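Have a look at the structure below, then the notes.
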Amino acid sequence: MNEELSKLVALQELDTELAGFDREAERIRQELVDREKAVKDRAILAEQCREKAAELEQSRHTIKAAGEEAADRIKERQIKMMQVQTSREHQALLKEIEDAKKQIRDTEEQMLHVMEQAEAELNRATELENLYKGETKLLTEAAKKTEEAIRKIEARRAEVLNSRSQLAKEIPDTQIKRYEKLLSKRKGLAVVKILGGVCQGCFMTVPPQQFNQVRKGNDISACPACQRILYYKPDPNHPEVMQPILRPQLEDLYESDGEDDEDELIE
762 MNEELSKLVA LQELDTELAG FDREAERIRQ ELVDREKAVK DRAILAEQCR EKAAELEQSR
822 HTIKAAGEEA ADRIKERQIK MMQVQTSREH QALLKEIEDA KKQIRDTEEQ MLHVMEQAEA
882 ELNRATELEN LYKGETKLLT EAAKKTEEAI RKIEARRAEV LNSRSQLAKE IPDTQIKRYE
942 KLLSKRKGLA VVKILGGVCQ GCFMTVPPQQ FNQVRKGNDI SACPACQRIL YYKPDPNHPE
1002 VMQPILRPQL EDLYESDGED DEDELIE
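Right under this line is the structure:
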C-alpha cells in the first residue's frame, strides 16, 4: 500500500477511536445523570406522599367536625322534643335526629377511609425515603467509579491525540486538508475500505478499473459518489471479485448516498 495512503488509513483509525472515547464518556456520564434523576425523583415522590397524607389528615379533621356538629344537633333536638306540644313538631324533630345520626355514620365511614389512605401514603413515603437513603450511598460510589472511568478515558484519549498529532505531521498538508474536510462532511469517515468493488462509506459500486487500481494501492483514489478516500485490505470472509451491481449515473450516486454535498466535489 502507498505509504501516504497507509498513514491516512492509520489516521482514520485514530480518529475513529477518538470518536469512540467521546461516545463512551458521554454514555457513562448519562448513566450517572439518569441514576441521579431517579434517586431525586424518589425523594420528590416521598415528599408528595407526605403532603398528600397531610391533606388527608386535614380532610379527616373537617369530616370529624361535621360529625361532632351532627352530634350536637341531636342533643339540641332531643331537648326540643321535651318542649313540643304537637305530633307534627315531634315527627319533624325525630326526622332531624335520624338525619343527624345517618350523617354521623357517614362521617365515621369517611374518616376510616381517609385514615386508611393517609396511612398508606405515609407508609409509601417511608418506603421511598428508605430507598432514597440506600440509593444515595450507592450513588456516591457510582459517582466515584464514573469519575475514575472518565479519567482513564481521558488519559487514553490524550495518548491517542498525541499519536494523531505526530502522525498528521508526516502527511502532506494538501492531503491533511482534504482528509479533515471529508472527516467533517462525511460523519467522521474520510477513509474507508472497498470490498468487492463497493465503497464501504456510501455502499455504491465503483468502476471495475478503479477497483483494480485501489487494490494495487499505488495511488490515492476517491469514491466517485461520496469522495471518501478508498483503500483495499484483503478480507477472507468477502469475495475478491466485484459484486454484480450495475453502476448508476454519477448524479444518481449522490442522491443514493444520502449525504448533502451540493457544492463542488471535494478535491
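Add 761 to the 1-based position in the sequence shown for the working numbering, that's all there is to it. Heads up, the beta-carbon is just placed ideally off N, CA and C, and yes, glycines get one too. Quantities reported herein were computed from a predicted structural model and do not represent experimental measurements.
Exposed unless 16 or more other CB atoms sit within 10 angstroms - verdict on residue i
i, result
"GLY895", "exposed"
"MET843", "exposed"
"PRO985", "buried"
"ALA831", "buried"
"THR777", "exposed"
"TYR953", "Here residue 953 is Val; the residue named in the question, Tyr, does not match the sequence. So VAL953 ends up on the buried side."
Cβ pair residue i, residue j closer than 8 Å
i, j, result
"ALA807", "GLU890", "yes"
"LEU775", "ARG925", "yes"
"ALA929", "LEU766", "no"
"LEU817", "ARG838", "no"
"GLY828", "ILE858", "no"
Nearest residue (CA-CA) to residue i, options the options
i, options, result
"LEU950", "ALA786, GLU818, PHE972, CYS963", "CYS963"
"ILE981", "GLU797, TYR940, GLN878, GLU888", "TYR940"
"VAL875", "THR823, ASP795, ARG989", "THR823"
"ILE932", "ASN763, MET762, LYS768", "LYS768"
"GLN878", "ALA826, ALA832, LYS856, GLN819", "GLN819"
"LYS948", "ALA919, LYS856, CYS987", "CYS987"
"GLN936", "ASN923, GLY957, LYS836, ARG989", "ARG989"
DSSP three-state assignment for residue i, whether helix, strand or coil
i, result
"VAL967", "coil"
"CYS810", "helix"
"ALA983", "strand"
"ILE932", "coil"
"LEU950", "coil"
"VAL959", "strand"
"MET1003", "In this predicted model, MET1003 has a pLDDT of only 45, less than 50, meaning its place in the structure is not dependable enough to derive any value."
"TYR993", "coil"
"THR887", "helix"
"THR897", "helix"
"VAL706", "Any property of residue 706 remains undetermined from this structure, which presents the chain solely from 762 to 1028."
"GLN988", "coil"
Nearest-angstrom Cα separation, counted from residue j out to residue i
i, j, result
"VAL975", "GLU908", "45 Å"
"GLN791", "LEU943", "29 Å"
"VAL794", "LEU900", "10 Å"
"TYR893", "ILE914", "30 Å"
"VAL959", "THR966", "4 Å"
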